[in-house]
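Some notes on the structure that comes next.
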Amino acid sequence: DAGVTQSPTHLIKTRGQQVTLRCSPISGHKSVSWYQQVLGQGPQFIFQYYEKEERGRGNFPDRFSARQFPNYSSELNVNALLLGDSALYLCASSSQVQPSSYEQYFGPGTRLTVT
Amino acid sequence: QKEVEQNSGPLSVPEGAIASLNCTYSDRGSQSFFWYRQYSGKSPELIMFIYSNGDKEDGRFTAQLNKASQYVSLLIRDSQPSDSATYLCAVGGYSTLTFGKGTMLLVSP
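Chains as they are written, first to last, in the numbering used here: chain A, 1 to 115; chain B, 1001 to 1109.
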């Protein structure tokens, strides 16, 4: 079975630009969570979606937004990019509405570099 | 603010030894606990999860949880060079996992 997939793998953007990252969860999983991991730190929670509804939001500015589609795939959008947005963006998939109480499985991530 | 603390390491052990990784957390109401392994440049990989006090064993890995002390640990028996990675402790809240910064483990042949 295919695991969590993310695209693109790598991305280079300029300050002020906008970016869209994509994620497809494990087949049968309805929950998708997004995390940001900067070098030397653990992943930081950004959003969680279940059945197309936002179920949780981390401490990130409104420049960050996300949505989930009927097929449970998800997009993360970041507007007005800053240098500090450079990070590995991770998507995690779970079968549960409360994924933090159950196992979550990460995709390979998208490495975003803002110059 | 929920916090998860780990020693950054590196923790160096010889091949065949037991590696012991530790984690403390601040939210006494936390109910779910996870260990992820992350190789350099890769995404985290779930290796253990534990929900109840005590020990849970899976192959060479044992997770230990003590909710009274707000402490969770991971033991790796018969450590191999391929175990060299950063180990992330994660604690579950309602909709989010809170991660520690990770402990780097180096297993020397």
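Note that the Cβ used here is the ideal one computed from N, Cα and C, for glycine as well. Quick caveat, the model's predicted, so the values are computed rather than measured.
Going by DSSP, residue 1092 (chain B) is part of the beta strand (DSSP E) stretching over 1085 to 1092. Secondary structure of residue 1082 (chain B) (DSSP, three-state): helix.
Residue 66 (chain A) has A:76 as its beta-bridge partners, per DSSP. Each of A:109, A:79, A:90 was checked against the Cα of residue 14 (chain A), and the nearest Cα belongs to A:79.
With 16 or more other CB atoms across the displayed protein chains lying within 10 angstroms of its CB, residue 45 (chain A) is buried.
In chain order, 102, 103 make up the part of chain A whose C-beta sits under 9 Å from the C-beta of residue 1049 (chain B).
Fully enclosed beta strand (DSSP E) runs of no fewer than 3 residues occupy 1011 to 1014, 1019 to 1025, 1032 to 1038, 1045 to 1050, 1054 to 1058, 1061 to 1066, 1071 to 1076 of the segment 1009 to 1084 of chain B, in order along the chain. Less than 7 Å separates the beta-carbon of residue 25 (chain A) from that of residue 72 (chain A). When CB distances to chain B are screened at a threshold of 8 Å, the residues of the segment 44 to 66 of chain A falling below it are 44, 45, 48, 55, 56, 58, in chain order. An exposed status is given to residue 1054 (chain B), since fewer than 16 other beta-carbon atoms sit within 10 Å of its beta-carbon. Taking a C-beta cut-off of 7 Å against chain A, the contacting residues of the segment 1018 to 1037 of chain B are 1031, 1032, listed in chain order.
In the structure shown, residue 81 (chain A) adopts coil according to DSSP, grouped into three states. Cα atoms of residue 2 (chain A) and residue 94 (chain A): separation of roughly 14 Å, rounded to the nearest angstrom. The continuous beta strand (DSSP E) containing residue 87 (chain A) extends over residues 87 to 94. The C-beta of residue 1102 (chain B) has 16 or more other C-beta atoms within 10 Å across all chains shown, which makes the residue buried.
Taken through DSSP and simplified to helix, strand or coil, residue 102 (chain A) comes out as coil. Using a Cβ distance threshold of 7 Å, residue 1060 (chain B) and residue 1037 (chain B) do not count as a contacting pair.
A distance below 6 Å between beta-carbons, with the five flanking residues on each side excluded, links residue 1073 (chain B) to the following residues of its chain, in chain order: 1022, 1064. The alpha-carbon of residue 61 (chain A) is positioned some 39 Å away from that of residue 1056 (chain B). Chain order gives the chain B residues near residue 41 (chain A) as 1101, where near means a beta carbon separation below 7 Å. Interface flag for residue 109 (chain A) against chain B is set, since a Cβ pair is found closer than 7 Å.
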